[in-house]
Structure formats: structure tokens, C-alpha cells
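Residue numbers (the numbering used here): 251 to 557.
Glycine included, C-beta positions come from ideal geometry on N, C-alpha and C.
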């Protein structure tokens, strides 16, 4: 015995929201065009910077500034940069600050987020409010400067590492992710005799690789791009990070000072040197991002939605 369904009832069940309908060919074409233009708007400036940094004086003179179409490769700007000690030393300082700062910030963020995600933690509500207040009300600049200088951190890498050692936004994201882990799983570990630290290391962190990778990228980019703190707390030229050196070269409009003296070779054009420093500043982050791209969307969305 077969049961017939009224056409109107069947049509009502088959009707789906507009955003769940399969896209039309026109819609697919518009999406592809929009994404292509978006990618082009991001890649075109990077292409111009790279080509300009590898252009000769004659090519720059013919282009009248920035170069779009390459006419040969001239690495004189990069050779001049690495011949002096300023950029090389700045890259080393930025790498040191990024590695130490990201490791410290991730450690503090994970420990704080795990403690604040446990409802039975002592005083976790007051601690959460304590962390959220600076997020809502930005602390004044003068007390920050007085604290850093009073602790004797000025002109050291710790002046760049310790002040931004924890981001409340990243803390909230990681805490939200930890709260999404089933409490029964954590309770079973506690019943088996695992301590909080062992539970964090053996259960929580392996389940949180996506959000940890994303937060680690946020911290790494923040430390690599540190500029304002360097402007405030670093007065020694040999302690400048790469962003501070980049600012000096872009504003001064001259080539980096070389430590080897005159080489008898004409200096490359200033525009090529500026763009070469920009390439060296951007390249490390661009090189790291593809390795954690697959975790990026998942980590941000899960941590934010469950928070």
C-alpha cells in the first residue's frame, strides 16, 4: 500500500532558504570575478614592491618611480642592505623577539584560558573581570612607560616582549574553545588521577591544535610588526627591530649605513632599497602563513562561536 503525498506538502518540505539553494551560473561567474579582483588587489601591490626592489637605476628612471613590468633583475639593493649591519641585525632582533614573545604569550594565554574555563576554579569570575577591564578600557600610555623604565627594561628586548605578552582577545578565544570541550572528558581524566596540568597537556591541547595555531600566528605577527613599543622604549640603534629600521629608511630616504666602508660601486636607487627592506619585512610572515592556513578558519570560528 503506497501513500501519496500532496504536491503542496511536498513542495513545502522541499523549499529551502535562499542561501541553501545551488548557485546559478551567473552567480558563480560573479563570485569568481569578485574573488579574482580581490586576489589581484592583494597581489598587485606585492608584485610592484618585489619588481621595484629588483629593478636597476635605468628601469626605475624609465618607469618614473614604481615598476610594474620587470626588465631584468638587479640585486644591488639587497646586496647593499646585507653589506651593512643595520638590516641584518634588525632581522635578528625581530626574530628573537618574535620567537621568545610568541612562546611566552602562548604559554601565558593557554594557562590563563584553561584556568578561566573551569567553573570550579577559585575566583575565576573576578579574574575574568580583571582581564576584561583592560580590553574595554585601554590603559594609559604614561603609566606603561613608567613601569617599563622603572623595571630597567628600556633598551632591551624584554621591553618589546613583556608588555604585549598576553592579548585579552586571544585569551577569550582560547577560553571559548576550551569551554567547548566536553566536561565529562575532563572529569574522566580527573577520576583516573590526572592532575590539571596533565589533563591540559594530554587532553586539552591535542584537541586544540587549530585554535593554538591561529593564536600563535596572531602573536607572531604582532611581535614581528612591533613598532610603537620600539619607538617608545628602544633608543639604541643596535637594538632596533626590523619595523623600526624600515621606518627610518622610508622617512630618511637614504640607503642603509654599511659597516664595510666604501666599496667603489655606485649606490643603487633609493626607491629600490626602500622596497627591498619592505620585502624583507613581509617575507617571513608570508612564508609562515601557508603552513597553518588549514587551521586558520577553523580555529577562529570555533573559538569565537563557542565563546
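Is the beta carbon of residue i sitting closer than 8 Å to the one on residue j?
i	j	result
residue 530	residue 480	no
residue 424	residue 359	yes
residue 382	residue 418	yes
residue 364	residue 450	yes
residue 563	residue 416	Any answer about residue 563 is impossible in this case: the structure gives the chain only from 251 up to 557.
residue 291	residue 473	no
residue 492	residue 341	yes
residue 407	residue 346	yes
residue 397	residue 404	no
Give me the Cβ distance between residue i and residue j, rounded to the nearest whole Å; I'm assuming they're in contact under 8 Å.
i	j	result
residue 465	residue 331	Wrong, their Cβ atoms sit about 32 Å apart, outside the cutoff.
residue 343	residue 490	7 Å
residue 333	residue 303	The pair is not a contact, with the Cβ atoms about 15 Å apart (cut-off 8 Å).
residue 437	residue 339	So it is not a contact: roughly 52 Å between Cβ atoms.
residue 462	residue 366	Between residue 366 and residue 462 the Cβ distance is about 16 Å, and since that is not below 8 Å, they are no contact.
residue 298	residue 316	5 Å
residue 483	residue 420	22 Å between Cβ atoms; not a contact.
Measure from the alpha carbon of residue i to the alpha carbon of each residue in the options, then state which is nearest.
i	options	result
residue 478	294, 413, 539	413
residue 361	397, 315, 428, 483	428
residue 486	304, 283, 336	336
residue 470	488, 354, 377, 482	354
residue 300	313, 318, 307, 397	318
residue 558	383, 273, 314	Summary: the structure shown does not reach residue 558, with the chain confined to residues 251 through 557, and so no result is reported for it.
residue 306	519, 537, 539, 540	519
residue 524	533, 541, 498	498
residue 447	281, 368, 537	368
residue 475	459, 460, 458, 495	495
residue 422	379, 294, 288, 295	379
residue 370	402, 433, 293, 426	433
Taking the alpha helix (DSSP H) that residue i belongs to, which residues open and close that run?
i	result
residue 380	374-386
residue 474	459-474
residue 433	433-441
residue 271	Where residue 271 is concerned, there is no enclosing alpha helix (DSSP H), given that its DSSP letter is neither H nor E.
residue 352	336-366
residue 311	307-313
residue 450	Neither: residue 450 is in no alpha helix (DSSP H) and is coded neither H nor E.
residue 325	Taken as a continuous stretch (DSSP letters only), residue 325 belongs to no alpha helix (DSSP H), as it is neither H nor E.
residue 316	It is not in any alpha helix (DSSP H) - residue 316 carries neither H nor E in the DSSP assignment.
residue 444	Looking at the DSSP string, residue 444 is not in any alpha helix (DSSP H), and its letter there is neither H nor E.
residue 479	478-483
- Task: Let me know the beta strand (DSSP E) ranges lying completely inside the segment 392-420, each 3 residues or longer, listed in chain order.
- Result: none
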